[in-house]
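Going by this note's numbering, the first residue of the sequence shown is number -6, and it counts up by one from there.
For glycine and all other residues, C-beta sits at the position ideal for the given N, C-alpha and C.
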Amino acid sequence: MSAFGTPEFDAVKGELLADVDDDVTDGPDGLLVKGALFAYESEGSLVVDLPEQRATDLVERGVAQAVEAPKPAKGRWVSVQDTDDWLELATEAHQFVGEPAVGRDS
C-alpha cells in the first residue's frame, strides 16, 4: 500500500469522503468504513473488498485479479487496473463492507 495516491485514487477518495454520513475515513492503509478497510491503491491498481460472487465474476471476465491482501476480507480482495471502474467498484466495496451483518441492527 502506498502512502502517495495517484490523481485517479485521489478523485475516488474525494467522492467517497464528500458525504460525512457515509462513515468513510481516509486511513493510513486506505479507505475505511466504520473502521474497516474496504479500498486502497497498490502499484497503480485499486484493491477492493467485494462480495465473493461479484469478485469471482470480475476475475472470470478479466476485469480484476484476485489478490492476497494484508487485511482480512469480508468477502474477497481483488485489484482493478482500469481507472474507469474505480469509483463504481470502490462504492460497491464501501456499501458491502459498511453494511451490517445479516440479523444485526443497522
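Environment of residue i [buried if 16+ CB atoms lie within 10 Å]
i: Asp12; result: exposed
i: Glu53; result: exposed
i: Ala59; result: exposed
i: Leu82; result: buried
i: Glu92; result: exposed
i: Ser99; result: In this prediction, Ser99 scores a pLDDT of 48, lower than 50, which makes its location untrustworthy; the coordinate-derived value is nonetheless stated afterwards. When all chains shown are included, Ser99 counts as exposed.
Whole-angstrom C-beta distance between residue j and residue i, which should lie under 8 Å
i: Lys64; j: Leu43; result: With 8 Å as the limit, Lys64 and Leu43 do not qualify as a contact, their Cβ atoms being about 14 Å apart.
i: Asp22; j: Leu10; result: With a Cβ gap of about 15 Å, Asp22 and Leu10 do not count as contacting.
i: Ala17; j: Val26; result: Correcting the residue identity first, residue 17 is Val in this sequence and not Ala. At roughly 6 Å, the Cβ-Cβ gap stays under 8 Å, so Val17 and Val26 are in contact.
i: Gly(-2); j: Glu34; result: 5 Å
Residue i versus the options, residue with shortest Cα-Cα distance
i: Lys67; options: Thr84, Phe89, Ala83, Val60; result: Phe89
i: Phe2; options: Asp14, Leu80, Pro93, Gly91; result: Leu80
i: His87; options: Pro0, Leu24, Glu61; result: Leu24
i: Ala48; options: Glu34, Thr76, Glu85; result: Glu85
i: Thr76; options: Glu61, Val56, Ala62; result: Val56
Output the residue ranges of the alpha helix (DSSP H) runs that lie fully inside the stretch 35 to 95 and measure 4 residues or longer, sorted by chain position. Whole alpha helix (DSSP H) segments, 4+ residues: 45 to 53, 79 to 91.
Is the stretch 21 to 40 in contact with the stretch 67 to 75, if contact means three or more CB pairs nearer than 8 Å? The stretch 21 to 40 and the stretch 67 to 75 touch, with no fewer than 3 CB-CB distances between them shorter than 8 Å.
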